[in-house]
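For reference, the structure discussed in these notes is given below.
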Amino acid sequence: MRSRWHKQAVTTRFLSALVIAAVSVGGCTVGPKYHTPSVQTPAAYKEVTPQNESSIDNWKTAQPSDAAIKGKWWELFNDPELNALEEQVNVSNQTIASAEASFLASRATVREARAQLFPTVSTAPSVTRQKQSGNLKAFSSTTSSGTTPLPPATKPFDEYNLPFDASWVPDLWGRIRNTVRASAYGAQASAADLANTRLSMQADVAVDYFELRSQDALKQLLDSTVDAYKESLRLTKVLYQTGIDNDEAVAQAETQLESTQAQDTNVGILRSQYEHAIAMLVGQPASTFSIPVEPLKTPPPPIPFGVPSQLLERRPDVAADERLMAQANAQIGVARAAYFPTVTLSASGGPESTSASHFFDWPSMAWSIGASASESIFDAGLRRATVEQYRAQYDETVANYRQTVLTAFQQVEDNLASLRILSQEIEQQDIAIKSAQRYLTDATNRWKLGLDPYLDVISAQTALLSNQQTMVNLRIQQITASVQLIEALGGGWDRTQLPSTAALVSRAPLP
42 MRSRWHKQAV
52 TTRFLSALVI
62 AAVSVGGCTV
72 GPKYHTPSVQ
82 TPAAYKEVTP
92 QNESSIDNWK
102 TAQPSDAAIK
112 GKWWELFNDP
122 ELNALEEQVN
132 VSNQTIASAE
142 ASFLASRATV
152 REARAQLFPT
162 VSTAPSVTRQ
172 KQSGNLKAFS
182 STTSSGTTPL
192 PPATKPFDEY
202 NLPFDASWVP
212 DLWGRIRNTV
222 RASAYGAQAS
232 AADLANTRLS
242 MQADVAVDYF
252 ELRSQDALKQ
262 LLDSTVDAYK
272 ESLRLTKVLY
282 QTGIDNDEAV
292 AQAETQLEST
302 QAQDTNVGIL
312 RSQYEHAIAM
322 LVGQPASTFS
332 IPVEPLKTPP
342 PPIPFGVPSQ
352 LLERRPDVAA
362 DERLMAQANA
372 QIGVARAAYF
382 PTVTLSASGG
392 PESTSASHFF
402 DWPSMAWSIG
412 ASASESIFDA
422 GLRRATVEQY
432 RAQYDETVAN
442 YRQTVLTAFQ
452 QVEDNLASLR
462 ILSQEIEQQD
472 IAIKSAQRYL
482 TDATNRWKLG
492 LDPYLDVISA
502 QTALLSNQQT
512 MVNLRIQQIT
522 ASVQLIEALG
532 GGWDRTQLPS
542 TAALVSRAPL
552 P
């Protein structure tokens, strides 16, 4: 009896020591430490120089010392209709809803991975009634008088079980912790993707909205031009009837009027398409959505662009790629942990009895406790190949990150250059319109005096309309370049909006 208790005590002490060792070694984590790779960052944007800005009167960027773009960036344009549309995008856009669901799924994987750090406890209570076969060979029992055969158990009996099983795989080498980190970094990348999707949809709405307004401006221009051509046709007919002009001039005036009317009508196609595109972006059926007609009047606002180094903190796509690098680095640690043994601690126990009345008595209790370890001795290079795979994938994410950063700087420079050049071009185009207007006035006066044919008037009218249409196109290019610059700068987002690991593990809704 003493020997049995001695063995149990030794076993208990051994298992206790193993648990303590597992907990103390749990601080060991294999795998490379993560450091954000360096990228080449210019000291200043090439397109923002005193020489460039000194020649621009109609447009200037806000200075680096100005407050950065924050929150609802579209309010910079001071357009109530656009503000209302952008609010609908945040609520009803289905692409954003899909990205948000993807983020929530990634967030759940963090809790799934973290659950592996804790023991698993299960139970399987059962009540069975059974009867053994009467034809089974009788059992034997050793008594003081010798071996006595027992009669077969032929009567039915009940068996009550309430077992509890527990098992725990201590994270000796950081495999689970690295898995949790990888899941958290992946969820943060998904959150950045969500922010990037939201920014992209908001920018698309703004661009389509201003494109629609440009069609309204073009429609207004063509309407006024049609009215002017109608007046020219009326005057041409009067001069023809009085014998001053001929039927050729009337035919020319009619041709010009009718072709311009057709061009005026054609504007409705693009306007409808932009309106339908906006309806889709704000999550409404195109058949029930409409925007009142109003020509483009919004000037491009000053945009705070900051310094290039801030761009890495303000672009959600850059942040997403950086988090993917951290995730790939953590996965190397997961792969390297496979080189070390896996220890499993297990225990089970609970009442077991054939009598319900004695179910919770101490003699009915049964238990077991133990530990096991497993280690691969030969795997034909599987673990080594797995580590090499994850290292290569990490290198791939580094290249993707650096390419995204280069693209970000390119997009900012592209739109800064567009705004600078368009501002100069608009000034030049305004002078061209004034010259075309003077040309038309002179040609009309000379035609009325009979000095020049009506064809000269048509040429002047065509030149004026062409230059006016060019001005409308330049202004829409300018306002859309402003939107695209804001998008290239990251909108009102910054890296501090990424959820922390604690926030991801929590079930509380994120802001």
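Everything in the sequence shown is counted per the working numbering, starting at 42 for the first residue and increasing by one. Backbone N, C-alpha and C define an ideal beta-carbon position, used for all residues, glycine too.
{"Query": "Can you tell me which of the three DSSP states Pro404 falls into?", "Result": "helix"}
{"Query": "Tell me where the alpha helix (DSSP H) around Pro357 begins and ends.", "Result": "357-377"}
{"Query": "Specify the secondary structure class of Phe118 as computed by DSSP and reduced to three states.", "Result": "helix"}
{"Query": "Taking the beta strand (DSSP E) that Ser394 belongs to, which residues open and close that run?", "Result": "383-394"}
{"Query": "Rounded to a whole number of angstroms, what is the C-alpha to C-alpha distance between Ala473 and Val498?", "Result": "17 Å"}
{"Query": "In chain order, what residues of the same chain lie with their CB nearer than 6 Å to the CB of Gln372, ignoring the 5 residues before and after it?", "Result": "Ala223, Tyr431"}
{"Query": "Quick check: the Cα distance between Lys87 and Ala433, rounded to an integer number of angstroms?", "Result": "35 Å"}
{"Query": "Rounded to the nearest angstrom, what separates Val71 and Arg516 at their Cα positions?", "Result": "58 Å"}
{"Query": "Enumerated in chain order, which unbroken segments of the alpha helix (DSSP H) with a length of 4 residues or greater are wholly contained in the stretch 316-363?", "Result": "349-355"}
{"Query": "Starting from the N-terminal side, write out each stretch of the beta strand (DSSP E) that is 3 residues or longer and does not extend beyond the stretch 241-314.", "Result": "none"}
{"Query": "Shortest alpha-carbon distance to Val453 belongs to which of Glu316, Leu353, Gly491, Asp483?", "Result": "Leu353"}
{"Query": "Compute the distance between the beta-carbons of Asn571 and Ala360, then report whether it is under 8 Å.", "Result": "An answer regarding residue 571 cannot be provided, because it is not within the stretch 42 to 552 covered by the chain."}
{"Query": "Using only CA atoms, which one of Gln171, Ala236, Pro211, Phe159 lies nearest to Phe144?", "Result": "Ala236"}
{"Query": "Taking 8 Å as the threshold, find out whether the stretch 154-173 comes into contact with the stretch 119-129 through three or more Cβ pairs.", "Result": "no"}
{"Query": "Ser547 to Ser147, Cα distance in whole Å?", "Result": "13 Å"}
{"Query": "Note the first and the last residue of the continuous alpha helix (DSSP H) segment covering Trp488.", "Result": "423-489"}
{"Query": "DSSP three-state label for Ile418, please.", "Result": "coil"}
{"Query": "If you check the beta carbons only, do Gln254 and Leu337 fall under 8 Å apart?", "Result": "Strictly speaking, residue 254 in this sequence is Arg, with Gln absent from that position. Cβ atoms of Arg254 and Leu337: closer than 8 Å."}
{"Query": "What residue from Ser459, Thr296, Glu316 has the CA that sits closest to Gln502's CA?", "Result": "Thr296"}
{"Query": "Tell me, please, whether the stretch 257-274 touches the stretch 374-391 by the rule of three or more beta-carbon pairs shorter than 8 Å.", "Result": "no"}
{"Query": "If we call anything under 8 Å between Cβ atoms a contact, is Ser405 one with Ser389?", "Result": "no"}
{"Query": "Threshold first: 4 residues or longer. Then list the alpha helix (DSSP H) segments lying entirely within the stretch 117-168, N to C.", "Result": "121-133, 135-155"}
{"Query": "Just list the residues that DSSP pairs Gly215 with in beta bridges.", "Result": "Per DSSP, none; premise fails for Gly215."}
{"Query": "Name the DSSP beta bridge partners of Gly411, please?", "Result": "Ser387"}
{"Query": "Excluding the five sequence neighbours on either side, which residues of its own chain have a C-beta within less than 7 Å of the C-beta of Asn99, listed in chain order?", "Result": "At Asn99, the pLDDT of 48 sits below 50, so the modelled position is not reliable; the number obtained from the coordinates is stated separately. If we look at Asn99 and ignore the five residues flanking it on each side, its Cβ neighbours are Ser464, Ile467, Glu468."}
{"Query": "Between which two residues does the beta strand (DSSP E) harbouring Tyr380 extend?", "Result": "Counting along the chain, Tyr380 falls outside any beta strand (DSSP E), and DSSP gives it neither H nor E."}
{"Query": "Residues in its own chain within less than 7 Å of Leu539 by CB, not counting five upstream and five downstream?", "Result": "Gln229, Ala232, Ala233, Ala360"}
{"Query": "Considering only C-alpha positions, which residue in the set Asp358, Leu259, Lys278, Pro357 is nearest to Ile310?", "Result": "Leu259"}
{"Query": "Leaving out the 5 sequence neighbours to the left and right, which residues in its chain are closer than 7 Å to Leu280 when beta-carbon positions are compared?", "Result": "Asp286"}
{"Query": "Leaving out the 5 sequence neighbours to the left and right, which residues in its chain are closer than 6 Å to Asn441 when beta-carbon positions are compared?", "Result": "Asp362"}
{"Query": "Taking its Cβ as the centre, do 16 or more other Cβ atoms sit within 10 Å of Gln451, making it buried, or is it exposed?", "Result": "exposed"}
{"Query": "Label Val66 either buried or exposed according to how many other C-beta atoms from any shown protein chain fall within 10 Å of its C-beta, with 16 as the threshold for buried.", "Result": "With a pLDDT of only 47 at Val66, under 50, the local geometry of the prediction cannot be trusted, and the value read off the model is given with reservation. Exposed, because fewer than 16 other Cβ atoms sit within 10 Å of the Cβ of Val66."}
{"Query": "For Leu526, which residues in the same chain have their Cβ closer than 6 Å to its Cβ, ignoring the five residues on either side in sequence?", "Result": "Ile344, Asn456"}
{"Query": "Please confirm whether Pro83 and Pro349 have their CB atoms less than 8 Å apart.", "Result": "yes"}
{"Query": "Specify the secondary structure class of Gln525 as computed by DSSP and reduced to three states.", "Result": "helix"}
{"Query": "Starting from the Cα of Leu447, find the closest Cα among Ala529, Pro342, Arg536, Val221 and give me that residue.", "Result": "Ala529"}
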